[in-house]
Amino acid sequence: MTQEKPVPAPTNDSRAFWSNCSHNNLVVQRCRECGTAQYYPRNVCASCGSSDIQWVESAGKGTVYSYTVVHRAPSAAFSKDVPYVLAIIELAEGPRMMSNIVDCDPGEVSIGMDVEVGFEIRADNVGVPVFKPARRG
Ligand SMILES: [Zn+2]
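Under our numbering, the first residue of the sequence shown is numbered 2, with each subsequent residue one higher.
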């Protein structure tokens, strides 16, 4: 029997994030007081404590901050993906996001590599952000 990958369970703080992802749109929060961008979604700015934060569209570009290659699937749902890359992406806006690097041989991933966002559509049409090598030129 095929097992499906887990689907995010949005909270009040993350609902807008996941809703945007399902429309192929990556967003982060930006503080109107101090200008700091943040991820994961919170109801206050992690930098200055202000609750005056807004959602802004991310360029969807970043670099690989750190990564590892997963060889043993955590559940049957991921057995077709191994080996796959679990990475921390540093977005152009500043925040870091845990994700996967796809469309690329795991052996070709390197720290500092330019990547851009894409979305893996899971059950209920929920889009989960993944990153792929940035197009050149
Ligand atoms: Zn702030």
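No residue lacks a Cβ here, since even glycine has one placed at the ideal position from N, Cα and C. Keep in mind it's a predicted model, so treat the numbers as computed, not measured.
Q. So what's Glu117 in DSSP terms, helix, strand or just coil?
A. strand
Q) In three-state terms, what does DSSP make of Ser111? A) coil
Q | With 16 other Cβ atoms within 10 Å as the buried cut-off, status of Val83 | A | exposed
Q: Say whether the stretch 63-76 touches the stretch 34-52, bearing in mind that this needs 3 or more beta-carbon pairs closer than 8 Å, one atom from each stretch.
A: Judged by Cβ distances under 8 Å, the stretch 63-76 makes no contact with the stretch 34-52, as fewer than three pairs qualify.
Q: Look at Val131 and Gly113 and say whether their C-beta atoms are less than 7 Å apart.
A: no
Q) ligand 1 heavy atoms versus the CB of Gly49: any closer than 6 Å? A) This sequence places Cys at residue 49; Gly is not what is there. Yes, since a heavy atom of ligand 1 falls inside the 6 Å radius drawn around the Cβ of Cys49.
Q. What whole-angstrom Cβ distance do Val129 and Glu121 have, given they're in contact under 8 Å?
A. 5 Å
Q: Name, in chain order, the residues that DSSP records as bridge partners for Lys81.
A: Answer is none; Lys81 lacks a bridge partner.
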